[in-house]
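Protein chains in written order, with the working numbering: chain A, 8 to 398; chain B, 8 to 398.
Protein chains: 2
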Amino acid sequence: MLLDALRAAGSTSRAELARTTGLSKPTVSTALAGLERAGLVRRTGEVSKGQGRGRAAVLYAADPAAGYVIGVDVGREWLRAAAADLDGTVVGRRDTPNTARTAGAMVRDAARLARAVAAEAGLDWSQVVHTVVGSPGVTDPGTHRVRYAVNLPGWGRSGLFDRLHAELGTGLDVLNDANLAALGEYALGAGQGSRLFAYLWVGTGLGAGVVADGRLFRGGHGAAGEIGYLPMFPLPQAAGPGPATGAPAPVGFSARGGPMEDAVSADAVVALARSMGMPEATTRTAKDVFAAARAGDATALGAVECEAARLAHAVAALAAVLDPELVVLGGGVGRNGDLLLAPLRTCLRELTPLRPRVVTSALGDDAVLLGAVARAAEAARERVFDTRHDA
Amino acid sequence: MLLDALRAAGSTSRAELARTTGLSKPTVSTALAGLERAGLVRRTGEVSKGQGRGRAAVLYAADPAAGYVIGVDVGREWLRAAAADLDGTVVGRRDTPNTARTAGAMVRDAARLARAVAAEAGLDWSQVVHTVVGSPGVTDPGTHRVRYAVNLPGWGRSGLFDRLHAELGTGLDVLNDANLAALGEYALGAGQGSRLFAYLWVGTGLGAGVVADGRLFRGGHGAAGEIGYLPMFPLPQAAGPGPATGAPAPVGFSARGGPMEDAVSADAVVALARSMGMPEATTRTAKDVFAAARAGDATALGAVECEAARLAHAVAALAAVLDPELVVLGGGVGRNGDLLLAPLRTCLRELTPLRPRVVTSALGDDAVLLGAVARAAEAARERVFDTRHDA
DNA sequence: TCCTTTTGTTAAGGATCCTAACTTGGTCCC
DNA sequence: GGGACCAAGTTAGGATCCTTAACAAAAGGA
Numbered sequence: 008m009l010l011d012a013l014r015a016a017g018s019t020s021r022a023e024l025a026r027t028t029g030l031s032k033p034t035v036s037t038a039l040a041g042l043e044r045a046g047l048v049r050r051t052g053e054v055s056k057g058q059g060r061g062r063a064a065v066l067y068a069a070d071p072a073a074g075y076v077i078g079v080d081v082g083r084e085w086l087r088a089a090a091a092d093l094d095g096t097v098v099g100r101r102d103t104p105n106t107a108r109t110a111g112a113m114v115r116d117a118a119r120l121a122r123a124v125a126a127e128a129g130l131d132w133s134q135v136v137h138t139v140v141g142s143p144g145v146t147d148p149g150t151h152r153v154r155y156a157v158n159l160p161g162w163g164r165s166g167l168f169d170r171l172h173a174e175l176g177t178g179l180d181v182l183n184d185a186n187l188a189a190l191g192e193y194a195l196g197a198g199q200g201s202r203l204f205a206y207l208w209v210g211t212g213l214g215a216g217v218v219a220d221g222r223l224f225r226g227g228h229g230a231a232g233e234i235g236y237l238p239m240f241p242l243p244q245a246a247g248p249g250p251a252t253g254a255p256a257p258v259g260f261s262a263r264g265g266p267m268e269d270a271v272s273a274d275a276v277v278a279l280a281r282s283m284g285m286p287e288a289t290t291r292t293a294k295d296v297f298a299a300a301r302a303g304d305a306t307a308l309g310a311v312e313c314e315a316a317r318l319a320h321a322v323a324a325l326a327a328v329l330d331p332e333l334v335v336l337g338g339g340v341g342r343n344g345d346l347l348l349a350p351l352r353t354c355l356r357e358l359t360p361l362r363p364r365v366v367t368s369a370l371g372d373d374a375v376l377l378g379a380v381a382r383a384a385e386a387a388r389e390r391v392f393d394t395r396h397d398a
Numbered sequence: 008m009l010l011d012a013l014r015a016a017g018s019t020s021r022a023e024l025a026r027t028t029g030l031s032k033p034t035v036s037t038a039l040a041g042l043e044r045a046g047l048v049r050r051t052g053e054v055s056k057g058q059g060r061g062r063a064a065v066l067y068a069a070d071p072a073a074g075y076v077i078g079v080d081v082g083r084e085w086l087r088a089a090a091a092d093l094d095g096t097v098v099g100r101r102d103t104p105n106t107a108r109t110a111g112a113m114v115r116d117a118a119r120l121a122r123a124v125a126a127e128a129g130l131d132w133s134q135v136v137h138t139v140v141g142s143p144g145v146t147d148p149g150t151h152r153v154r155y156a157v158n159l160p161g162w163g164r165s166g167l168f169d170r171l172h173a174e175l176g177t178g179l180d181v182l183n184d185a186n187l188a189a190l191g192e193y194a195l196g197a198g199q200g201s202r203l204f205a206y207l208w209v210g211t212g213l214g215a216g217v218v219a220d221g222r223l224f225r226g227g228h229g230a231a232g233e234i235g236y237l238p239m240f241p242l243p244q245a246a247g248p249g250p251a252t253g254a255p256a257p258v259g260f261s262a263r264g265g266p267m268e269d270a271v272s273a274d275a276v277v278a279l280a281r282s283m284g285m286p287e288a289t290t291r292t293a294k295d296v297f298a299a300a301r302a303g304d305a306t307a308l309g310a311v312e313c314e315a316a317r318l319a320h321a322v323a324a325l326a327a328v329l330d331p332e333l334v335v336l337g338g339g340v341g342r343n344g345d346l347l348l349a350p351l352r353t354c355l356r357e358l359t360p361l362r363p364r365v366v367t368s369a370l371g372d373d374a375v376l377l378g379a380v381a382r383a384a385e386a387a388r389e390r391v392f393d394t395r396h397d398a
């Protein structure tokens, strides 16, 4: 509790701590002495009280160097790793292309990258207390099994957690990447201070992470926020004589249904743009579409607006079920807030009275990695406190 | 804490309590003496130990009569009220038709009914510690304002909470009815013991309540679970040349979109059945449709199956965003599990890999009322403990 | 009748945190 | 520059809470 107060307030004198925590001065003094002996707290200097007239205060602060953590982002194309101290301050960072073709190789590469990052930052591996790995797929909190990781071959195999754990030898959590990105935005980005918000990742796939009261909302099987699986309508209709309908029948795959991921992810943006008449040759990726739209291409702008309207449906679904205060848009597609946000908000107004604030990610590609680091730091703080306090 | 242990275990001796709570025998004795003096705990007898050979144990139990609560269900057609003790055991119950046409009259009627139920149960009003009122609409935890209560004229007016509070003079919460139904199912019905489940209310409208770890999940503005507002697809499509599609265009209102409530609530069932050819004269309510289906009417069965398929979409949306372990179906339409569950489950298998268990409500029409009572009892237990413990 | 077993009470001790008074080290002002 | 003043930190003593250990009381069985 004292540590939490110290971390929140930074360098603080013991008298000040006594005031903010409600404890008495003697209690704070003895407890802090214990924490200092355990290496969790450090004198940070002695400040001659900028204003006051009394005796100079000795300042203490939680020592972020009491332990270090590693965050790893296992993406389809990149492996990213960062080392950070207990405050979550990044002290080392390294990305490599993900060339591994098997899950085993990926585990090895990830572990090697983690150790390399720690070494580069001048850390001995024994100082690393906890590691958090983010990857696509659903990780069941109970079984440690990764499921639905369609993009990573073999990554869903069981025993993977144990292998990673053995390679690293630190505390370990494996979590869904969208969930970690949400934590990252909560800790450092657009979601700071929000009581309930959702991070909507739109890129090569679609996913969401939900943070409620600062904690990840994971669902009954760890699959909360897997809105890529949200089935698209139309609803089943009666066969036989129906009521006359003047509305034009919609065309395209959405009329047939399918998971929402297929309708809004990067590939869908490309397909959409091409179907509206953009040339196949110069329209290879979603990035091309957004670039063309920014250059003023009317067709591309139309495709972007259509994508925005589809995303509005995703946001509306989140709003109807969760009622978040805020939705943060991220991922390769979602980051294009300059083009997407305005039409998305307009469309949302027509869809539902429940309209959360919608903004774009503040962390971009680093959201997952920083979320992993933030979560690892949190876990490490508890763990370091527990172990050091016994001794 | 001792009280919680007592309530969980029922009548218990002090020695037994010391064992289960981890406290020492003297501590339990003195604490229990204090609770007894405060009137929160009572000797329930002395059992000569059915089996053991030792001294007879004096049994204690939490006194449920230390306070009473009222639960009220303000529905469009009925006002229901129940009085219960701190255990949530109902000691009085009364329903009246809701004839009030203005919010003011409804407040008056509800308060009168509450007092009548208490009197009938032989309670003095001063014994009533807390009241919980369930009604349609979203109640913002911050402002106490009820919003979106489309079915109750004037109920959304501000100041309503304060008027009700003044009329009753007890602790008061006003909560969404679907949320309370979820709490009811958690406390007494199909959701018992579930870590995360959703109650899906399908009747004259559509709503859901979410209970996570025994606590209501209310969302950022108290609107979590308002899936009646879930917009229906189809997704917006590109104008211009689209990819060829062989799928037949769906017909009916769902092709035009709209909130999900319009597609699955009782009125929609009637419209659906009629559109499939059921006679208007004998198809007045959803109940008629289900009755006909049970009698073997093929058209009605078709309509029911179609409704089940639509509900499967609602369940799939819940699953994709929340990932509940369990979905409990309730309300005038939802209660027909014998007809709905099988096709719903079949359809769900085609829609999504995330398939929660789906069952029907165990409490039926009483879910909201019992949920209100359960929540009121919980609030009252804390309140009674706090106030009596000071004195 | 006495022994065993379990309940509940009494007595003593320790952990934790508090209040109150005091010491220390500093700024401010004459 | 020396004392007044002020806030930081320490020391001493005490209250509260809970624990362990031993004991007294009550019941069943030999």
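Ideal Cβ placement from N, Cα and C applies to all residues, glycine included.
Classification of residue i by the beta-carbon crowding that lies within 10 angstroms, buried from 16 upward
| i | result |
| --- | --- |
| Met8 of chain B | exposed |
| Pro350 of chain A | buried |
| Pro148 of chain B | exposed |
| Asp169 of chain A | exposed |
| Ala63 of chain B | exposed |
| Val124 of chain B | buried |
| Glu314 of chain B | buried |
| Arg388 of chain A | buried |
| Gly210 of chain A | buried |
| Ala262 of chain B | Caution applies to Ala262 of chain B, whose pLDDT of 41 falls short of 50 and renders its modelled position unreliable; the value that the coordinates give is listed next. Buried, by the Cβ-count rule. |
Distance between beta carbons of residue j and residue i, contact taken as under 8 Å
| i | j | result |
| --- | --- | --- |
| Tyr67 of chain A | Ser18 of chain A | 7 Å |
| Val153 of chain A | Val181 of chain A | 7 Å |
| Leu347 of chain B | Arg301 of chain B | Incorrect: roughly 12 Å between the Cβ atoms, too far for contact. |
| Ala89 of chain B | Leu376 of chain B | 5 Å |
| Leu336 of chain B | Gly226 of chain A | Leu336 of chain B to Gly226 of chain A, Cβ: 19 Å. No contact. |
| Gly339 of chain B | Ala293 of chain B | 6 Å |
| Ala173 of chain A | Ala189 of chain A | 29 Å between Cβ atoms; not a contact. |
Proximity winner among the options, relative to residue i (alpha-carbon distances)
| i | options | result |
| --- | --- | --- |
| Arg87 of chain A | A:Val217, A:Pro363, A:Ala72, A:Thr138 | A:Thr138 |
| His320 of chain A | A:Ala90, A:Val334, A:Gly309, A:Ala307 | A:Val334 |
| Leu171 of chain A | A:Gly141, A:Leu370, A:Met285, A:Leu24 | A:Gly141 |
| Thr51 of chain A | A:Val65, A:Gly161, A:Leu175, A:Gly337 | A:Val65 |
| Val322 of chain B | A:Ala121, A:Glu314, A:Leu237 | A:Leu237 |
| Ala384 of chain A | A:Thr34, A:His396, A:Ile77, A:Glu23 | A:Ile77 |
| Ala326 of chain A | A:Arg291, A:Arg352, A:Pro363, A:Ala307 | A:Pro363 |
| Gln134 of chain B | B:Glu53, B:Gly337, B:Gly74, B:Arg14 | B:Gly74 |
| Glu268 of chain B | B:Met283, B:Ala288, B:Gly235 | B:Gly235 |
| Ala219 of chain A | B:Ala288, B:Phe224, B:Asp11, B:Leu39 | B:Phe224 |
| Asp295 of chain A | A:Val365, A:Arg122, A:Asn343 | A:Asn343 |
| Val97 of chain B | B:Val209, B:Asp373, B:Val217 | B:Asp373 |
| Asp102 of chain A | A:Asp116, A:Ala110, A:Leu93 | A:Asp116 |
| Thr177 of chain A | A:Arg122, A:Gly214, A:Gly99, A:Gly226 | A:Arg122 |
| Arg100 of chain B | B:Arg395, B:Arg388, B:Phe392, B:Ala379 | B:Ala379 |
| Asp304 of chain B | B:Thr289, B:Gly229, B:Ala189 | B:Thr289 |
### Task
Determine which residues of the stretch 204-234 of chain B have a Cβ less than 9 Å from any Cβ of chain A, and write them out in chain order.
Here the close residues are Phe204, Ala205, Ala215, Val217, Ala219, Phe224, Arg225, Gly226, Gly227, His228, Gly229, Ala230, Ala231, Gly232, Glu233, Ile234.
### Task
Note down, in chain order, all residues in the stretch 314-339 of chain A with a beta-carbon under 7 Å from any beta-carbon belonging to chain B.
Ala316, Arg317, His320, Ala323, Ala324, Leu325, Ala327, Val328, Leu329, Asp330, Pro331, Glu332
### Task
Run through the stretch 54-136 of chain A for me and flag every whole alpha helix (DSSP H) of 4 or more residues, listed as ranges in chain order.
The DSSP assignment places complete alpha helix (DSSP H) segments of no fewer than 4 residues inside the stretch 54-136 of chain A at 110-127, in order along the chain.
#### Entry: Contact set between the stretch 31-63 of chain B and chain A, restricted to residues whose Cβ is under 9 Å from the partner
none
### Length at least 3, wholly inside the stretch 307-346 of chain B: the beta strand (DSSP E) runs in chain order
333-337
### Query
Which of the residues in the stretch 358-372 of chain A, read from start to end, lie with their CB under 9 Å from any CB of chain B?
Result list: Leu358, Thr359, Pro360, Leu361, Pro363.
#### Entry: Residues in the stretch 171-185 of chain A having any Cβ partner in chain B nearer than 8 Å
none
### Query
According to a CB-to-CB cut-off of less than 8 Å, which residues of the stretch 117-143 of chain B neighbour chain A?
none
### Task
Enumerate, from N- to C-terminal direction, the unbroken alpha helix (DSSP H) stretches of 4 or more residues contained entirely within the stretch 157-236 of chain B.
167-175, 184-195
### Task
Output, in sequence order along the chain, the residues in the stretch 63-82 of chain A whose CB is closer than 9 Å to any CB in chain B.
none
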